[in-house]
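The listed protein sequences derive, respectively, from chains A and B.
Number 35 in numbering that gives the first Met the number 0 belongs to position 36 of the first sequence; there are no gaps in the numbering.
Number 263 in numbering that gives the first Met the number 0 belongs to position 264 of the second sequence; there are no gaps in the numbering.
Every residue, glycine too, gets a C-beta built ideally from N, C-alpha and C.
Quick notes on the structure that follows.
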Amino acid sequence: MNLIFEKSVKGRKCDILPKLDVEPVALPENLQRETAPRLPEMSETDVSRHYTELNKQVHGVNCGFYPLGSCTMKYNPRIDEEAAALEGFTNIHPLAPKSTVRGALEVLETLQADLCEITGMDGMTFEPAAGAHGEFTGVLLIKQYHDSHNDTKRTKIIVPDSAHGTNPATAAMCGYQVVNIPSAPDGCVDLDALRSVLGEDTAGLMLTNPNTVGIFDENILEITKLVHEAGGLCYYDGANTNAIMGVVRPGDMGFDCIHLNLHKTFATPHGGGGPGAGAVGCKEFLKPFLPHSALMDRPGRVQVRAFMGNFLVCVRALAYVMTLGREGIPEAATNAVLNANYLMQKIKGTFTPAFDRICMHEFVLDLSGYEKETGVSALDVAKSLIDYGMHPPTMYFPLIVHEALMLEPTETESKETLDWAADVFRKLYELGKTDPEFMHNAPHNTPIGRPDEVKAARNPIVRYTFA
Amino acid sequence: MGSYVPSTEEQRREMLEAIGLSSTRELYRDVPESMILNRPLDLPEGKSELEVRAAMEALAAKNTVFKTVLRGAGAYDHYIPSIVKYIPAKEEFLTAYTPYQAEISQGVLQSIFEYQTMIAELTGMDASNASVYDGATAAAEAAAMCRDRKRRVTLISATTHPDVINTVRTYCYGTNDTLQVVPMKDGKTDLDALKAMLNDGVASFYVQQPNFYGLFEDAEALGEAVHAAGAMFVMGCNPIALAIMKTPRDCGADVAVGEGQPLGLPIGFGGPYLGFMATTMKHIRKLPGRIVGETTDHDGRRAYVLSLQAREQHIRREKASSNICSNEALCALTAGLYMATMGPDGMAEVANQCMAKAHYLQKALCQIDGVTLRYDGAFFHEFLLDMPKCKEIEQALAKKGVLSGLPYEDGMLWCVTEKASKETLDEVVAAVKEVLA
């Protein structure tokens, strides 16, 4: 498919603006651009067809099953999109007088109250634009807390080795040394390992529960107690909140601060990688450390981006919470867990679950045995799923399971879809035994085959070169 | 109650049975009983779609939508062509995740590759990433990529947007590094003060172009001073101004960043916006965030992939250049779409119209007694006026459907875009005159 620059025709344009109705003003010569940027020159038809062609080469949640573990690819309701597109939300300036944006402030206040209730927190900020940004904000709460007590010897953040890469990267961005602790065989925190690293230098612990293999850590109260006794604080990575919302609350597990991915748990769309929103909640004693905009609000506080956050994402999340309400929130969580367990049950007997027990909203398959037997890897199976119109699960994560495929079906998939998905996995399981070569070369029905990533990294071409 | 769960009660029972459980409570058997929330959530009952629509419309109606917005300060009310609103709402673009599976994500990957090329063209740099959260975080990430073992101090001009300064300061607080603010003189960065602050511990200096007061900085001279001290020069640029103004590359910048919101994104009460970041090939492996690269598949077909991932958190963990994972992909797609729709001439026309109209309003307002321009010098589409009765002016204009300039430092910071007609600007001048009469 041609690039947009290859479709550009000199002199072609869209007619958008009226003629200038005041005297033109020229930029002083020393400030002028020397050559015009080589942006595409296109008619509106060209633009429309180009992006439609691109759109056809994208697999969205609307296209089919998307069991991408830890990403919660649930259906994104269209009413939420319409709400966020209302002029009363899109066309308001972040620095407009407060009396003219009362509806917007009410959106944020209501969503804050709802999400604090769901998580058991007392305060919240919507500044962070994504999960990792929320982690950064949350760990900065911990840092400010210790600083406010002149407790400067706390230089370490504990992270289990099963954690998402953003956790250690976040701790490093907050100036902390990362202490990786090994997980127990079931992916849960190894209490002895935890005890052995806790001490006067512990600033805090970053943890997700259910953990990254989809298991609820039943020792959670003991874990948070141990960290608190050592003088550290507990940060809850909310990536997996979809399993527990309305059933059990991070605040009741002993966590001091959390982030929520509104683009996972609260059904706002991922947009091909963003924008998300990483709301950060905290207990009362951490509220003084929440970020504020210097220009909009309160100078002299920390701040992690301009203005108040990805507001239009918050509008979508509020519409979603409003729709589900008191009963719908736990109903969604329970069915996410039910769907995951059902799919795992149906796949059992072919590919092997890494942990043969009740899971939460997601589960991990361990293909290491199968790979040894057939030579067909987790990657081969993932790529083969594409030919059936299914988005592959998360591959090779968490790192503690070899040849891992992590499946998160979410609550918005039907039993029929799960039955079909299990059938597809069964077919591939058999195919790998008879025709591994075919699977090594999958996918077969896509616009391109597997790309050469090594070549891309060795000789980076990151922009179009004009003739 | 609204619900998006498709399985029926009977199916749920069948599924539970297949797992060998008798109730959904058993699904949570790993959760200690004492921790289970033994009461309903304190939330309203769920609502039907019709009710939700009404509730959301009522909330939106509590906000005032101004016909004309003469306030900028980091959020700019430009005209958004219709097609730029329609295309990002296509369900595949909207609902897809990060394009980790290249074979079914070529559309997203190619759109990012095209966006990276456009940002590189606009800034004159070699390479752009796929976006970061906003202009303020782009500035903070740029400061981080410039630091090394020896050079830890970041300098930033006092003429920068206050939220950007505060965000960079917060990121520096995170890594226990120092941020120093270079003072200004007559609304622009004080070059002599900068020179005095530069030393071999300084990693980078950041200047905003045009700056927070709308003025064009003497970027080349600043860049020369920074390079003479062996530090890196970072420019935060308005992308609309870039259509006509000297590129950061030509001003000597090592890293060019900025707030991409003016490229087709609504002001939206502050977000989602778009942070763009571009640099030279020399520094590309220090650039944070996702980068799309071109390659081929096994049949030699051109293909796009997420590339240079060895920089990123999922590979490098605590040694990564940043923790960024999700970015603002759909906003980047929108920005690319906006630039393609406007084209090079259309982009320059937007810039020229903003500049002409801003100067028209500034001259007219300064003819009123008691109104003066605080800082002289070439400016783009924003300017700071010393004027009395700012609150009254704000209220008088609001009655006419106009959001006035921003009351700031005992004056008013005005912004004019291509959307304001001469007729409206004349009405604004008349109304201000009336308040100050």
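Cβ-based neighbour list, residue i, same chain, cut-off 8 angstroms, excluding 5 preceding and 5 following
i	result
residue 177 of chain B	151, 152, 153 and 171
residue 397 of chain B	63, 65 and 403
residue 283 of chain A	121 and 122
residue 6 of chain B	14
residue 89 of chain A	83 and 311
residue 438 of chain A	375, 379, 380, 382, 383, 427, 430 and 431
Exposure of residue i, with buried meaning 16 or more beta-carbon neighbours within 10 Å
i	result
residue 231 of chain A	buried
residue 195 of chain A	exposed
residue 17 of chain A	exposed
residue 299 of chain B	exposed
residue 34 of chain B	buried
residue 314 of chain B	exposed
residue 138 of chain A	buried
residue 299 of chain A	exposed
residue 309 of chain B	exposed
residue 280 of chain B	exposed
residue 191 of chain B	exposed
residue 97 of chain A	exposed
Within chain A, the residues that residue i reaches when beta carbons sit closer than 8 angstroms
i	result
residue 292 of chain B	455, 456, 459, 460 and 461
residue 432 of chain B	Near residue 432 of chain B there are no residues of chain A at all, since even the closest Cβ is about 18 angstroms away, more than 8 angstroms.
residue 91 of chain B	54, 55, 57, 58, 59, 61 and 62
Residues that DSSP places opposite residue i in a beta bridge
i	result
residue 188 of chain A	A/182
residue 258 of chain A	A/236 and A/279
residue 157 of chain A	A/178 and A/204
residue 201 of chain B	B/152
residue 187 of chain B	B/184
residue 197 of chain A	The partner list for residue 197 of chain A (beta bridge, DSSP) is empty, contrary to what the question assumes.
residue 277 of chain B	B/127 and B/255
residue 125 of chain A	BP columns for residue 125 of chain A are empty, so no partner.
residue 296 of chain B	A/450
residue 352 of chain A	A/364
residue 303 of chain B	B/293
residue 411 of chain B	B/384 and B/406
residue 460 of chain A	According to DSSP, which records beta bridges pairwise, residue 460 of chain A is partnered with nothing at all.
Own chain residues within Cβ distance below 6 angstroms of residue i, not counting five before or after
i	result
residue 425 of chain A	349
residue 401 of chain A	367
Sequence-distant residues of its chain with Cβ nearer than 7 angstroms to residue i (five each side left out)
i	result
residue 293 of chain A	302
residue 72 of chain A	60, 65 and 409
residue 304 of chain A	126 and 128
residue 222 of chain B	232, 250, 251 and 252
residue 157 of chain B	180, 181, 182 and 183
Residue i: contacting residues in chain B (beta-carbon distance under 7 angstroms)
i	result
residue 341 of chain A	14, 17 and 18
residue 47 of chain A	82
residue 20 of chain A	420 and 421
residue 55 of chain A	106
residue 446 of chain A	105
Where residue i meets chain A, residues with beta-carbon distance less than 9 angstroms
i	result
residue 251 of chain B	By Cβ distance, chain A contributes nothing, its closest Cβ being about 14 angstroms from residue 251 of chain B, past 9 angstroms.
residue 23 of chain B	333, 334, 336 and 337
residue 368 of chain B	Per Cβ cutoff of 9 angstroms: no residues; residue 368 of chain B is ~23 angstroms from chain A at best.
Chain-ordered neighbours of residue i on chain A, where CB pairs are closer than 7 angstroms
i	result
residue 68 of chain B	92
residue 10 of chain B	414
Listed by chain order, chain B residues near residue i by CB distance under 8 angstroms
i	result
residue 385 of chain A	100, 102 and 103
The ligand MG heavy atom lying under 8 angstroms from the CB of residue i
i	result
residue 254 of chain A	Annotation note on the ligand MG: not contained in the displayed structure, which lists no ligands.
With three or more C-beta pairs closer than 8 angstroms as the rule, is the segment 38–49 of chain B touching the segment 315–330 of chain A?
yes
Taking one C-beta from the segment 84–95 of chain B and one from the segment 45–62 of chain A each time, how about it: are there three or more such pairs within less than 8 angstroms?
yes
Segment contact flag, the segment 79–88 of chain A with the segment 229–243 of chain A, C-beta cutoff 8 angstroms, min 3 pairs
no
Would the segment 282–291 of chain B count as touching the segment 131–143 of chain B if we require 3 or more Cβ pairs under 8 angstroms?
yes
On the three-pair Cβ rule with 8 angstroms, is the segment 210–226 of chain A touching the segment 174–190 of chain A?
The answer is yes - the segment 174–190 of chain A touches the segment 210–226 of chain A, with three or more Cβ pairs under 8 angstroms.
Decide if the segment 22–30 of chain A is in contact with the segment 347–366 of chain B; the criterion is three or more beta carbon pairs, one per stretch, under 8 angstroms apart.
Yes: the two stretches touch, three or more of their Cβ pairs being nearer than 8 angstroms.
Decide yes or no for the touch test of the segment 364–376 of chain B against the segment 247–264 of chain B: beta carbon pairs closer than 8 angstroms, at least 3 of them.
no
Any 3 or more C-beta pairs closer than 8 angstroms across the segment 328–348 of chain B and the segment 19–27 of chain B
No, because fewer than three Cβ pairs between the segment 328–348 of chain B and the segment 19–27 of chain B fall closer than 8 angstroms, the two stretches do not touch.
Under 8 angstroms: do the segment 199–209 of chain B and the segment 231–250 of chain B share three or more Cβ pairs, one atom per stretch?
yes
Can we say the segment 101–108 of chain A touches the segment 52–63 of chain B, given the rule of at least three CB pairs closer than 8 angstroms?
yes
Taking contact to mean at least 3 C-beta pairs separated by less than 8 angstroms, is the segment 356–372 of chain A in contact with the segment 382–390 of chain A?
Contact fails: fewer than three Cβ-Cβ distances are below 8 angstroms.
Report yes or no: do the segment 167–180 of chain A and the segment 315–325 of chain B share at least 3 C-beta pairs separated by less than 8 angstroms?
yes
With contact counted as at least three CB pairs below 8 angstroms, one residue from each stretch, are the segment 34–43 of chain A and the segment 104–121 of chain B in contact?
yes
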